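Engineer: Got a structure for you, written out below as structure tokens; questions coming shortly.
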Amino acid sequence: MKLSKYIIDKSLSIILIGISYFIILMLLNSFKIHKSLTVAITIVFVLMLLLLFIINFVRKNKFYNELITNVNLLDKKYLVLETITNPSFYEGELLYQALYDINKSMAECVRERESSIEDFKEYVEMWIHEVKIPISSLTLLCHNHKEILDKSYLEQVRKLDNYIDQILYYVRSNYAEEDFIIKETLLEKVVSNVALKNKDDLLESKIDFIVDLKDLSVYTDSKWLEFILNQIINNSIKYRRKTDDSFIKIYALDYSDKTVLYICDNGIGIPQKDLSQVFKKSFTGENGRTNTKSTGMGLYIADKLCKKLGHNIEIESEEEIGTEVKIIFGKNNFYRMNV
Amino acid sequence: MIFMRKIMIVEDEPTISRELQHLLVNAGYETQILEDFANSKQEIIDSKSDLILLDINIPELNGELLLKEIRKESNIPVIMVTSRVNEIDEVLSISYGADDYITKPYNPTILLLRIQNIFKRMEHKIDNLRYRDLEVFPGRGILKNNSEELQLTKNEMIIFQNLLNNIGSIVTRDDLMTDLWNNKEYINDNALTVNISRLRSKLSDFGYEDAIETRKGQGYILL
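See below:
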């Protein structure tokens, strides 16, 4: 609260008091009151007024200053009421009560939304869980009846499974707060799972799969990382150059403050103008439009998951040369507590 | 194989349990499907199985609790199967004493490899495989008869062991490929062909001609 502004705000009262003092002075004068009494009355009058003014200013200043400073300092501004003391003057109490009611009704609104999102999320998770059962049956059926069902059936089933995983992780990346477990994970194990998942595609597309991870491990949620890697490798397969020497190379380097996982390919690459946007939702870019149909969701979800896990994902690419995706795992001791 | 290993299938989806049974029987296992979920623990213990494939999401007791109950009485190997993709379930299952954990939809060949691994681990002595008069030492990559040793590369040993485990029956190229990839050897089709022909010529140089036969369009068979 600024004193000057407060004074301007109170100017009407000050003017009225001034006028009334002037009238009193006139009255005193007209009744021929002794000069020293007039001076005494003036002193009492002015002192009292000043005292009243100061007390009022201090009381209000205390409350409003606290309110304004805390609002500015707080990250979640709606929590400000929890941080200030109840005001000791009537107007302040009114304001405080109103803010309290507003907050409460907003909180109820938010809680309602949250629980409806939570319901939705739970339903999607359950649905995915259900739909994995027939997919599982189909996988087994395809395997057991290879004589009549060729590999293309299995390939379609695999695609189904991948799209379903996308929805699962989309929901998890957007709505789940703490749906993951960070623990020490061998990169080799995660890569191996992803490799096995894509084995048929890789072999069919004649892509050499080169892995060099040197027993490095990182702190992550292995299922989430598996999904992220799967998206990247699916892209590498999808956007390969149809030559004989296609490869996907996965390796990791260990630095003092981080471990970096590299996924490189010699595919068609990404145009420079699209590169900065590949992590945006529903962005398909030139490649996604011209070559194969793309949903533009894979990398978006991968990026979101990385952020939640505290990893960084970066992409570099040159057209007709290839693409390199880097996943950077910070070496933070924070996660080591539960080891 | 003289005796057949028995695997108990605990799964409430009939198509899956039927197809699982088909898969396991083809791979040379005896199977039993759990019928009475209300009395699952007793039926599992009474079945005297060598391994249990246990789905987490089953009626009555859920899989994790059932596993906990079983562990009170038996050390029988358990592979947990689930369609929930979630690290928490995995950690929980392992902590309750599951030997392995696999998520649906799984690659059937990999399921078979995991089962094989568990049985291999159970036998303790990994190095007592035999092929005719040869002793097989997978860890050292060596085949040995009375006087001589034959050194195999890692890939050749994986292929040989897989053929040996299925001796007398056809192993598809895809099965071999899955086994190799499962062992983090991400080789391509040409390399597999080269590896097999190298293995074959090594064996025939060692005096085992025609040990591996090619069945056109189907795969390979170790005789």
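Read top to bottom, the protein sequences are chains A and B.
Each residue of the first sequence is one higher than the last, beginning at 1 in the working numbering.
Each residue of the second sequence is one higher than the last, beginning at 1001 in the working numbering.
Every residue, glycine too, gets a C-beta built ideally from N, C-alpha and C.
Keep in mind it's a predicted model, so treat the numbers as computed, not measured.
(1) Taking the Cβ atom as the reference point for each residue, do residue 1081/B and residue 1110/B lie within a distance shorter than 7 Å?
(2) Put residue 1005/B into one of helix, strand or coil per three-state DSSP.
(3) Cα-Cα, which of 1162/B, 1188/B, 1152/B is closest to residue 1114/B?
(4) Would you tell me roughly how many angstroms separate the C-alpha atoms of residue 1164/B and residue 1131/B, rounded to the nearest one?
(5) Go ahead and label residue 145/A buried or exposed: buried means 16 or more other beta carbons lie within 10 angstroms of its beta carbon, across all protein chains shown.
(6) Please go through the stretch 272-310 of chain A and give each complete alpha helix (DSSP H) segment of 4 or more residues, from N-terminal end onward.
(7) Taking the alpha carbon of residue 1240/B as the reference point, which residue from 1030/B, 1183/B, 1156/B, 1098/B has its own alpha carbon closest?
(8) For the stretch 190-206 of chain A, enumerate the residues whose C-beta is nearer than 9 Å to any C-beta of chain B, in chain order.
(9) Please confirm whether residue 1096/B has its beta-carbon closer than 7 Å to some beta-carbon of chain A.
(10) Could you check if residue 91/A is buried or exposed, using at least 16 other CB atoms within 10 Å of its CB as the buried criterion?
(11) Return the residues of the stretch 1012-1037 of chain B that lie within a Cβ-Cβ distance of less than 8 Å from chain A, sorted by chain order.
(12) Is any beta-carbon of chain B found at less than 7 Å from that of residue 124/A?
(13) Just how far apart, CA to CA, sit residue 339/A and residue 1038/B?
(14) Mind pulling the alpha helix (DSSP H) runs of 4 or more residues that sit fully within the stretch 52-134 of chain A?
(15) Measuring alpha carbon to alpha carbon, tell me which of 315/A, 161/A, 202/A ends up nearest residue 1177/B.
(16) By DSSP's criteria, residue 252/A is part of a beta bridge. Which residues make up the other side?
(17) So, do the stretch 268-284 of chain A and the stretch 221-230 of chain A have three or more beta carbon pairs nearer to each other than 8 Å?
(18) Please confirm if residue 338/A has its CB atom under 7 Å from at least one CB of chain B.
(19) Can the beta-carbon of residue 236/A be found closer than 7 Å to that of residue 267/A?
(20) So, is the C-beta of residue 323/A closer than 7 Å to a C-beta in chain B?
(21) Here's the rule: buried if 16 or more other CB atoms are within 10 angstroms of the residue's CB, otherwise exposed. What is residue 107/A?
(22) Going by Cα to Cα distance, which pick from 156/A, 319/A, 137/A, 132/A is closest to residue 341/A?
(23) Please list, in chain order, the residues of the stretch 1184-1195 of chain B that have any C-beta partner in chain A closer than 8 Å.
(24) By how many angstroms is the C-alpha of residue 181/A removed from the C-alpha of residue 1001/B?
(25) If you run the structure through DSSP and keep just helix, strand and coil, what is residue 246/A?
(26) What are the residues that DSSP puts in a beta bridge with residue 1055/B?
(27) Along the stretch 1081-1096 of chain B, where does the CB come closer than 7 Å to a CB of chain A? Name the residues.
(28) What is the C-beta distance between residue 302/A and residue 313/A, in whole angstroms, given that I count them as a contact (C-beta under 8 Å)?
(29) Within this structure, are the beta carbons of residue 279/A and residue 305/A separated by less than 7 Å?
(30) Using 7 Å as the threshold, is the C-beta distance between residue 1112/B and residue 1078/B below it?
(31) By the three-class DSSP mapping on this structure, what secondary structure does residue 338/A have?
(32) Quick one: give me the first and last residue of the beta strand (DSSP E) that residue 1144/B is part of.
(33) How close, in whole Å, do the beta carbons of residue 185/A and residue 137/A come, if the pair is a contact with beta carbons under 8 Å?
(34) Going by C-alpha distance, which of 1107/B, 1091/B, 1100/B, 1153/B is nearest residue 195/A?
(35) Would the C-beta of residue 1058/B count as close to the ligand NAD, meaning under 6 Å from any of its heavy atoms?
(36) Quick one: measure Cβ to Cβ for residue 1172/B and residue 1218/B, integer angstroms, because I've assumed they're closer than 8 Å.
Structural biologist: Per the coordinate set shown:
(1) no
(2) coil
(3) 1162/B
(4) 7 Å
(5) exposed
(6) 272-275, 285-290, 298-309
(7) One cannot answer for residue 1240/B here, as it falls past the ends of chain B, which runs 1001 to 1223.
(8) 191, 192, 195, 196, 197, 199, 200, 202, 203, 206
(9) no
(10) exposed
(11) 1013, 1015, 1016, 1019, 1020, 1022, 1023, 1026
(12) no
(13) No answer about residue 339/A holds up, because its pLDDT of 43 lies below 50 and its placement is not dependable.
(14) none
(15) 202/A
(16) 261/A
(17) no
(18) Only weak support exists for where residue 338/A lies, its pLDDT of 49 falling under 50; the value from the coordinates is given anyway. Judged by the 7 Å Cβ criterion, residue 338/A is not in contact with chain B.
(19) yes
(20) no
(21) exposed
(22) Residue coverage of chain A in this structure runs from 1 to 339, which leaves residue 341/A outside it and unanswerable.
(23) 1184, 1186, 1188, 1189
(24) Because residue 1001/B sits at a pLDDT of 48, beneath the cut-off of 50, its placement in the model cannot be relied upon, and the following sentence gives the value as read from the coordinates. One C-alpha to the other measures close to 42 Å.
(25) coil
(26) 1081/B
(27) 1083, 1084, 1085, 1086, 1087, 1088, 1091
(28) 6 Å
(29) no
(30) no
(31) At residue 338/A the pLDDT is 49, less than 50, meaning the model places this residue with poor confidence and gives no usable figure here.
(32) 1142-1144
(33) Actually they do not touch by this definition, with Cβ atoms about 30 Å apart.
(34) 1107/B
(35) Absence of the ligand NAD is noted for the structure shown, with no ligands found whatsoever.
(36) 7 Å
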